[in-house]
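Structure first, commentary second.
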Amino acid sequence: MLVYFDEIDGDLHAKWVLLEARVPEDEHTVYYSTNQDVERFYPEDFHDDLKALSISMNELVNDFFDDHRFGININLVKKRLHKSKLSTENIYELDYFILLCDDLEELAEINLPNLP
């Protein structure tokens, strides 16, 4: 799990989670494990060719069968793209989904680390 940290008063605080955007065409929800190592994503890792899409809290779902997984409701993401007059096919060309750490921590009831 890639995490972008923001510096506040000299301390690094988890701000965004970047998840590999793997979207099978026949799936309505993409699931991810919360039992992943956290790797730092640096500002210089953002580049012009990076294709990412922000995911809102209402597009996240719990996996009720596994406490260590959460999902992204692809149908809701596609609806948002359509409302914004963007092609829903763009979702298959993304590199990453970006979520607020606070949203993921609230949904999955986990704590992402802060770096000293």
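Just so you know, the working numbering puts 96 at position 96 of the sequence shown, and the rest follows in order with no gaps.
We put the beta carbon where it would ideally sit given N, CA and C, even for glycine.
Rounded distance between the beta-carbons of residue j and residue i, thought under 8 Å
i            : j            : result
glutamate 39 : methionine 1 : 7 Å
Residue range of the beta strand (DSSP E) that includes residue i
i            : result
lysine 83    : First-last for lysine 83: 74-83, but that is the alpha helix (DSSP H), not the beta strand (DSSP E).
threonine 29 : 29-33
tyrosine 92  : From DSSP, tyrosine 92 is part of no beta strand (DSSP E); its letter is neither H nor E.
Where residue i falls: helix, strand or coil (DSSP)
i           : result
leucine 100 : strand
Closest by C-alpha distance to residue i, when choosing among the options
i             : options                       : result
leucine 53    : Val17, Glu109, Asp11          : Val17
leucine 42    : Tyr31, Val61, Tyr4            : Checking the sequence, you will find tyrosine at residue 42 rather than leucine. Nearest option by C-alpha distance: Tyr4.
aspartate 66  : Ile8, Ser33, Leu12            : Ser33
aspartate 49  : Glu105, Tyr96, Glu109, Ala108 : Tyr96
isoleucine 74 : Ala14, Lys15, His13, Val30    : Val30
leucine 94    : Ile8, Val77, Arg69            : Val77
C-beta contact flag for residue i and residue j at 8 Å
i             : j          : result
aspartate 102 : leucine 60 : no
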